Amino acid sequence: MKVLLVNKKINLNYSVSDIYESGLSLKGTEVKSLVKSNGNIDEAFVVFAKQEAYVINMYIATFEQGNINNVDPYRRRKLLLHKNEIIKMEFQSKKERLAIIPTKVFFKNGVIKLNIALAKSKKAHDKRDDIKKRDAARESRRYI
Numbered sequence: 074m075k076v077l078l079v080n081k082k083i084n085l086n087y088s089v090s091d092i093y094e095s096g097l098s099l100k101g102t103e104v105k106s107l108v109k110s111n112g113n114i115d116e117a118f119v120v121f122a123k124q125e126a127y128v129i130n131m132y133i134a135t136f137e138q139g140n141i142n143n144v145d146p147y148r149r150r151k152l153l154l155h156k157n158e159i160i161k162m163e164f165q166s167k168k169e170r171l172a173i174i175p176t177k178v179f180f181k182n183g184v185i186k187l188n189i190a191l192a193k194s195k196k197a198h199d200k201r202d203d204i205k206k207r208d209a210a211r212e213s214r215r216y217i
């Protein structure tokens, strides 16, 4: 499994409850650009429309050696999930007011996959507590 893109802000801004693995519908030049890790998923999120899931605001850079087949870097991309997974995630996100955030893009058995997480947004004091715990753990490791 080769990791292509990672959302580094996920643990700072959200508390993650569930993680799902989904396929990603891409065009040819987008795949070539992702292989070179030219993209960003830090600002991306998932929305539902007509019993389908889409990832919005995911940036995949245009391929330099591409031609007229290059597509918009910020276009919405369809997630390849089972209907029951989509219904379950949509219900759970509405019920518990959770955000659905991409965590990483990776290769698995020659196919590009996307991990998406059901996450609750952290408040400012929760973020400060996490930073204090992380610093305390770092100091204790330093003394050992």
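Residues in the sequence shown are numbered from 74 upward in steps of one, following my numbering.
Yeah, the Cβ is synthetic: ideal placement off N, Cα and C, and Gly gets one too.
None of the values given here were measured: they were computed from a predicted structure.
If you look at A172, you'll find it in the beta strand (DSSP E) that goes A172 to K181. With respect to T102, V128 sits apart: the two C-beta atoms are not nearer than 8 Å. Annotation for L153: the continuous beta strand (DSSP E) segment containing it runs R150 to L153. Rounded to whole angstroms, the Cβ separation of I204 and A192 is 18 Å, and the two are not in contact under 8 Å.
For V108, the secondary structure class from DSSP, reduced to helix, strand or coil, is helix. Taking a 10 Å sphere around the C-beta of I133, we find 16 or more other C-beta atoms and assign the residue as buried.
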